[in-house]
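Scroll down for the structure; my scribbles are underneath it.
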Amino acid sequence: MKTLWDLAEASWTLRGWRQNDWRWETSFARIESKTPEIPGVPARVPGSVRGALVAAGIVPSPYDGLRSRESEWIENRHWTFTTDLPEGVREAARAGSRIVLRAQSLDYAGSVLVDDEEVATWTGAMVPQAFDLTEAIRGGGTTLTIAFATLPDELGQIGWTSRIRAWKARFNYGWDWTPRIVQIGIVGWLRLEATTGLEIEGFDVRTDFDPDTGRGMVRCRVSTSQPASVSLTLDGPTGSQSWQIAADGDWHEFTAEGVQPWRVLVDDEQALYTVTATASAQGGVDHRIRRVGFRSVRWEPTLDAPEGCEPWLLHLNGAPMFMGGVNWVPIRPDYADLTREDYLVRLQTYRRLGFTVLRVWGGAARESDTFYELCDEMGFLVWQELPLSSSGLDNLPPSDPAFAAELAEIAVAYVTALGHHPSIMLWGGGNELAANDADNAGSVPATRQQSPLAEAGAVFAREDPQRRFVPSSPSGPRALASAADFGRGVHHDVHGPWMHDGTDEQWRDYWDHDDAVLRSEVGFDGASAYPLLARHDLVAPTATVADRARVAELWTHSAAWLLRSFRRWDGEGDLADWVAQDQQRQADMLGYAAASARRRFPRCAGFIVWMGHDTYPMPTSLSLLDFDGQPKPAAWSVARSLGDEPE
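By numbering that gives the first Met the number 0, the letter at position 609 of the sequence shown is numbered 608, and the numbering carries on one by one without gaps.
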């Protein structure tokens with residue numbers, strides 16, 4: 000039997016400390032140094048340190064002007080989240096229950112304390128954590144503290160992937176679409192569990208669908224803490240079906256008759272089912288539930304595909320489908336603070352635009368459970384990458400056995416948490432993992448034979464063999480598509496271009512001759528709406544050359560790589576006029592590129608825009624949706640090019 004306490008419902012207090020002050024335990028230190036530098040303020044769980052400090056008025060919002068710099072000091076303190084243990088936990092521990100604290104993600108490293116006793120430590124934000132608190136609580140503990148200590152550094156966009164070993168989202172350290180805003184906090188669910196007797200320790204579900212017969216396949220694996228009989232029940236829009244399964248930790252397969260298929264971009268009720276495992280023994284009864292859908296995802300070669308090319312033509316439920324969509328990045332730097340509404344605003348807009356594919360980019364972490372649940376319900380297909388990314392100075396991760404084992408552990412965590420979701424269509428090893436070839440003709444993407452990607456691929460092959468794993472995006476002989484190489488068969492899954500300094504005619508000529516099999520990142524910069532710029536202190540006079548230079552200096556804080564268009568502007572009109580012109584140019588250029596790729600289907604398998612939405616109030620960026628989640632003109636232009644214009 001299991002009792003759960005959701006710690007999101009508890010009252011939490013955040014305190015800030017000089018490094019290690021909270022650790023001192025002598026009586027002298029308690030008197031002299033157990034006083035935090037930042038006294039207690041209310042905190043939300045899940046939630047970030049910065050979010051609590053902004054709410055308390057201690058630091059300003061990082062989203063206006065240059066004010067993100069005013070909270071960078073947060074990185075140089077230690078932080079504690081403290082709450083009273085819920086009623087009933089101590090009694091459960093004293094009655095013989097095992098008490099475990101489980102966290103989806105603690106970002107990034109620190110200690111767990113019951114009262115002043117350190118009972119566990121952790122490092123890394125990419126896997127769930129479980130801490131046994133039984134003895135500490137049984138001994139009389141009354142408070143729970145999660146202490147966040149020193150952070151890693153040098154995870155920003157430009158560096159050496161081969162030297163990065165810290166498992167923390169890299170984009171927070173500064174990318175071409177956000178300044179440095181490093182998150183510290185509790186991400187996702189946090190709960191206490193009291194367990195006695197029988198427990199379902201593992202429950203994994205995979206599904207498939209045969210479009211010819213209408214039958215579904217249910218693959219399950221159950222393990223229990225003691226011998227038990229286990230029944231499975233499938234419930235959904237077509238009724239219920241039940242089976243018995245051995246709780247032996249092995250995979251078992253069952254046929255579900257007459258199921259409804261899961262579909263993309265549904266406006267009505269999605270065909271979703273629940274699979275319930277019920278274990279029974281003398282030690283009691285335990286239950287686990289997974290929500291699933293039945294769909295067939297198969298990959299075939301594109302028409303006239305080059306020799307050696309991966310099969311990129313998606314067949315969903317037996318029908319070929321063009322992959323039109325966006326690359327997904329975290330909605331905010333402090334993504335621990337996001338709400339369901341934040342996700343709904345953006346996903347509903349992408350559905351209105353007719354985009355079907357979301358590539359969850361490898362420079363961050365996996366998304367929240369809310370994201371995948373909404374993708375299941377709305378009908379998005381998710382390309383999920385592991386948390387690895389390029390760095391510019393070199394772009395291949397460490398390959399030693401210890402690092403490979405850590406990546407394999409993360410792959411296990413990802414597939415365990417996400418493998419039952421029908422929205423997951425593809426696993427990826429990371430973003431732009433590549434080496435320079437011998438003659439410097441271009442970057443050569445990593446292969447599935449290279450460590451640590453080989454070890455991660457082995458996890459997915461074992462745990463989720465129905466889904467593809469690709470070692471990186473891009474993949475194939477070339478990372479980027481060069482016009483000089485069109486017609487040579489070397490452009491498989493490619494990235495870019497993201498900008499264009501030439502004429503409109505040169506841009507159109509490039510796309511008219513394109514031969515890439517898949518365009519998984521294509522971008523073009525465009526300004527955010529003028530009212531948004533004004534609201535976030537990004538507007539200033541532009542009448543003179545000196546005025547415009549000062550605006551460019553201000554905008555360099557977040558958009559240094561993307562100011563070519565603004566720097567070329569002669570100042571005619573006012574800033575609102577430039578915004579309108581820049582937005583129209585983004586719409587024209589991206590719309591033409593998307594239409595070109597769509598016309599080549601099934602030779603071209605897809606067109607995925609870099610990027611979907613802004614994480615930070617950008618004066619200009621490559622996104623289709625701005626910081627508020629509102630579409631720029633380019634969003635509608637791409638939507639028209641990829642399909643019917645949304646209503």
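Positions of the beta carbon are idealized from the N, C-alpha and C atoms, including for glycine.
{"query": "Quick one: Cα of A404 to Cα of L452, how far?", "result": "10 Å"}
{"query": "Reducing DSSP to helix, strand and coil, say where A480 ends up.", "result": "coil"}
{"query": "Using 8 Å as the Cβ pair cut-off and three pairs as the minimum, do the segment 151-162 and the segment 532-548 touch?", "result": "no"}
{"query": "Closer than 6 Å: is that where the CB of L623 sits relative to any heavy atom of the ligand ATP?", "result": "In the structure on display, the ligand ATP does not appear, and there are no ligands present to speak of."}
{"query": "In whole angstroms, what separates the C-alpha of G64 from that of P632?", "result": "24 Å"}
{"query": "When burial is assigned at 16 or more other CB atoms within 10 Å of the CB, is I157 buried or exposed?", "result": "exposed"}
{"query": "Hey, how far is the Cα of T369 from the Cα of A51?", "result": "22 Å"}
{"query": "With burial defined as no fewer than 16 other Cβ atoms inside 10 Å of the residue's Cβ, what is the status of N439: buried or exposed?", "result": "With a pLDDT of 46 at N439, under the threshold of 50, the modelled position of that residue is not reliable, and no figure is offered here."}
{"query": "Going by the beta-carbon positions, is the gap between W327 and G292 smaller than 7 Å?", "result": "no"}
{"query": "So what's F27 in DSSP terms, helix, strand or just coil?", "result": "Annotation note: pLDDT 47 at F27 (below 50); position unreliable, no value reported."}
{"query": "Counting C-beta neighbours from all protein chains within 10 Å, is the total for N435 16 or more, i.e. buried, or is it exposed?", "result": "exposed"}
{"query": "Using DSSP with H/G/I as helix, E/B as strand and the rest coil, what is G456?", "result": "helix"}
{"query": "Going by the DSSP bridge assignment, what does S279 pair with across the sheet?", "result": "S228 and V284"}
{"query": "In terms of residues, what are the limits of the alpha helix (DSSP H) holding W554?", "result": "V544 to A558"}
{"query": "Where T275 and E462 are concerned, what is the direct C-alpha to C-alpha distance, given to the nearest angstrom?", "result": "20 Å"}
{"query": "Would S96 be called buried (16 or more neighbouring beta carbons within 10 Å of its own) or exposed?", "result": "buried"}
{"query": "If you measure between the beta carbons of W497 and A592, is that distance less than 7 Å?", "result": "no"}
{"query": "Tell me the rounded alpha-carbon separation between R447 and V578.", "result": "44 Å"}
{"query": "Do you know whose CA, among E340, P332, A135 and R162, lies nearest G391's CA?", "result": "R162"}
{"query": "Are there 16 or more other CB atoms within 10 angstroms of the CB of I30, so buried, or fewer, so exposed?", "result": "Confidence at I30 is low in this model, with a pLDDT of 43, below 50, so the placement of that residue should be treated as unreliable; the coordinate-derived value is given next. Exposed."}
{"query": "Where does S241 fall in DSSP's three states?", "result": "strand"}
{"query": "Using DSSP's beta-bridge definition, name the partner residues of Y272.", "result": "V291"}
{"query": "Can you look up L647 in the DSSP assignment and give me helix, strand or coil?", "result": "The structure shown does not extend to residue 647, since the chain is modelled only from 0 to 646, so the question has no answer here."}
{"query": "Spatial neighbours of S564 within its chain, please: CB distance less than 6 Å, with the 5 preceding and 5 following residues excluded, ordered by chain position.", "result": "D581"}
{"query": "Compute the Euclidean distance between the alpha carbons of D524 and G56, then round it to the nearest angstrom.", "result": "34 Å"}
{"query": "Following the continuous alpha helix (DSSP H) through M588, name the residue where it begins and the one where it ends.", "result": "L574 to R598"}
{"query": "Where does E431 land, buried or exposed, given buried means 16+ other C-beta within 10 angstroms?", "result": "buried"}
{"query": "Where does F27 land, buried or exposed, given buried means 16+ other C-beta within 10 angstroms?", "result": "Caution applies to F27, whose pLDDT of 47 falls short of 50 and renders its modelled position unreliable; the value that the coordinates give is listed next. The residue in question, F27, is exposed, as its Cβ has fewer than 16 Cβ neighbours within 10 Å."}
{"query": "Starting from S110 and walking both ways along the beta strand (DSSP E), at which residues does that stretch end?", "result": "A108 to V113"}
{"query": "In the DSSP assignment, what residue or residues form a beta bridge with W311?", "result": "W311 pairs with nothing; no bridge assigned."}
{"query": "Helix or strand or just coil, what does DSSP make of L199?", "result": "In the sequence on display, residue 199 carries Ile and not Leu. I199 falls in the strand class under three-state DSSP."}
{"query": "From T12 to Y342, what distance separates their C-alpha atoms?", "result": "27 Å"}
{"query": "Have a look at the DSSP bridge pairing and note the partners of N394.", "result": "A433"}
{"query": "Distance, Cα to Cα, A245 vs T232?", "result": "14 Å"}
{"query": "Look up F253 in the DSSP assignment and say whether it is helix, strand or coil.", "result": "strand"}
{"query": "On the DSSP bridge assignment, give the partners of V221 in chain order.", "result": "F202"}
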